[in-house]
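Top line first, the protein sequences correspond to chains W and A.
Residue 1 is where the first sequence starts when you use the numbering used here, and the numbers rise one by one after that.
Residue 1001 is where the second sequence starts when you use the numbering used here, and the numbers rise one by one after that.
The C-beta atom is built at its ideal place from N, Cα and C for all residues, glycine as well.
Number of protein chains: 2
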Amino acid sequence: MNKVRPQTRIQRKNTEAILEAALSVFSRAGFRGATLDQIAREAGLSKPNLLYYFPSKEAIHIELLSGLMDVWLAPLHQMDEHGDPIEEIVAYVLRKLEMSRELPNESRLFANEIVHGAPRILDQIKGDLRALVEEKAAVIQGWIDAGKLAPLEPRHLLFSIWATTQHYADFDVQVRGILRPEANAHFNDAAEFLEQFYRRALRP
Amino acid sequence: MNKVRPQTRIQRKNTEAILEAALSVFSRAGFRGATLDQIAREAGLSKPNLLYYFPSKEAIHIELLSGLMDVWLAPLHQMDEHGDPIEEIVAYVLRKLEMSRELPNESRLFANEIVHGAPRILDQIKGDLRALVEEKAAVIQGWIDAGKLAPLEPRHLLFSIWATTQHYADFDVQVRGILRPEANAHFNDAAEFLEQFYRRALRP
DNA sequence: CATCAGTTTGACCATTTGGTCAACAACACG
DNA sequence: CGTGTTGTTGACCAAATGGTCAAACTGATG
């Protein structure tokens, strides 16, 4: 159904550079705080040239967010109904924490959008995300009913996982201000803490 | 030490109205996204009149944030070394959740500031907040050493409490998009979940 | 009522910023 | 090498926005 849009070498390179620069700037300054000049400069282009590839500032933002949603849902998708319940959930927690370590800008971009009312991704939240949560909540409830997991409301359990793991990316400055860690050493402590924490809370 | 600044009735009323309006606008749109016109309109004043009471947009923001820090730390201050460890922590969790229910705008203002690098409160984070965390972490460690609490790193335990409770204010839109709750009914479910969750994780 | 500090605002300004455009440069390709 | 498509940019524009200021208004007080 889509018209095939032949991408030239230059197009591919520049759109990629723009999106990368925009992610950096948006996650640092927020949508309103980011300027096209900053993004253009960081991408190594002039502003009109940037606007040759994207029709508007908002279009860049939307492109970033919609591309991000899939990445964001992937770790939860991997949770396997037929695995060991506690191991599956702990593994999910650690995957999510790993994303906070590896993709903090993406996490902040997401957080920023939601804190401001998610005007551009509310549909995806109410659609894809909600559906996935319902699916996995049913799996977790099944585990609970089978006596393999402590009886905890599955949806709120998922919220707790998102909150605790994304906290290390979104509130990075606060965490660092309190722990004064060398480099990212505290992520290892966080992983250890979260694993023990969830194992304790989840065992039947 | 402070010079006594005699506040007229009108001054008190207007500065209060400005701060209230600014909280609403800042928490909704972020610092850069908020405009003085919006704040002035919502406070029922003209823009020059607003600037008669505060010297700049940033001054309003700083005033809000510094006033907020005390409110934010209060629930943790209340945690009593001599109480029952698990009950003290659970009570702290519920107080914090109650703040997300009652003061969501304050929570979002705070979250927004930190996500953007906390340029205006980093000193307070590294000072007051850090000191309080160190103090209470020592208390929790004492409880653990006494065998009254599961051995979990105290600082990361505090992070988890902040994350899970503030999530219901900061990510309100996402929570609602997934749960489709009537009014604020889901806060009761969250309270029940968090209480059970922390009781399970914390028992020795 | 007179006075004066305190309060309010319309008009205005400088800057920032998202976006446009015409002209020019680079490139692919027959 | 000629030609049409793709890529690039300096100059420019309109709107938004933080902030100023002189002038006018209001209210408390003697």
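Cα-Cα separation, residue i to residue j
i: L23/W; j: E113/W; result: 12 Å
i: L65/W; j: L1065/A; result: 29 Å
i: A111/W; j: L1202/A; result: 29 Å
i: L1068/A; j: W1162/A; result: 15 Å
i: L1212/A; j: I1144/A; result: Only positions 1001 to 1204 of chain A appear in the structure, and residue 1212/A is not among them; the question remains open.
i: Q7/W; j: A1043/A; result: 51 Å
i: R1012/A; j: R41/W; result: 46 Å
i: P1154/A; j: Q1141/A; result: 6 Å
i: L1129/A; j: S46/W; result: 43 Å
i: R177/W; j: I1125/A; result: One point to set straight first is that residue 177/W is Gly, not Arg, in the sequence displayed. In a straight line, the C-alpha of G177/W is about 6 Å away from that of I1125/A.
i: E1063/A; j: A29/W; result: 21 Å
i: Q1166/A; j: Q166/W; result: 12 Å
i: S1100/A; j: L1158/A; result: 16 Å
i: A146/W; j: L103/W; result: 36 Å
i: E1135/A; j: L179/W; result: 13 Å
i: F31/W; j: A59/W; result: 11 Å
i: N1184/A; j: G83/W; result: 35 Å
i: A191/W; j: L1109/A; result: 28 Å
i: P1048/A; j: P181/W; result: 46 Å
i: P55/W; j: P1055/A; result: 38 Å
Contact set for residue i: own chain, Cβ-Cβ below 7 Å, skip 5 residues either direction
i: V1175/A; result: Y1168 and H1186
i: E1081/A; result: V1139
i: T164/W; result: L194
i: E50/W; result: Here residue 50/W turns out to be Leu, not Glu, going by the sequence shown. Excluding positions up to five away in sequence, the list reads I18, L36, I39, A40 and A43.
i: P204/W; result: G147, K148, L149 and A150
Contact under 7 Å by Cβ, residue i with residue j
i: A1017/A; j: V1025/A; result: no
i: R200/W; j: A1150/A; result: yes
i: A1021/A; j: I1010/A; result: no
i: L1073/A; j: L1122/A; result: no
Proximal residues to residue i (C-beta, below 6 Å), its chain only, five neighbours per side dropped
i: V90/W; result: E195 and Y198
i: K57/W; result: L36
i: E967/A; result: Outside the shown range of chain A, which is 1001 to 1204, sits residue 967/A, and nothing can be said about it.
i: P1085/A; result: W1143, K1148 and L1149
i: R274/W; result: With chain W represented from 1 up to 204, any question about residue 274/W goes unanswered, as that position is not in the structure.
i: S27/W; result: N105, R108 and L109
Buried or exposed by the 16-neighbour rule on C-beta atoms within 10 Å, applied to residue i
i: V71/W; result: exposed
i: E1088/A; result: buried
i: V1004/A; result: Confidence is the limiting factor: at V1004/A the pLDDT is only 40, short of 50, which leaves the residue's position unreliable, though a coordinate-based value still follows. V1004/A is exposed by the Cβ-count criterion.
Spatial neighbours of residue i in its chain, beta-carbon cut-off 8 Å, leaving aside the 5 residues before and after
i: R1095/A; result: P1075 and Q1078
i: G127/W; result: none
i: Y92/W; result: P75, L76, Q78, M79 and I161
Cβ-Cβ separation, residue j to residue i (assumed contact under 8 Å), whole Å
i: A118/W; j: V1173/A; result: 5 Å
i: H1156/A; j: F193/W; result: 4 Å
i: D189/W; j: S107/W; result: D189/W to S107/W, Cβ: 19 Å. No contact.
i: T15/W; j: Y52/W; result: At roughly 10 Å, the Cβ-Cβ gap does not stay under 8 Å, so T15/W and Y52/W are not in contact.
Residue i Cβ short of 6 Å to the ligand FMN heavy atom set
i: I161/W; result: With respect to small molecules bound, the structure shown includes none, and the ligand FMN cannot be examined in it.
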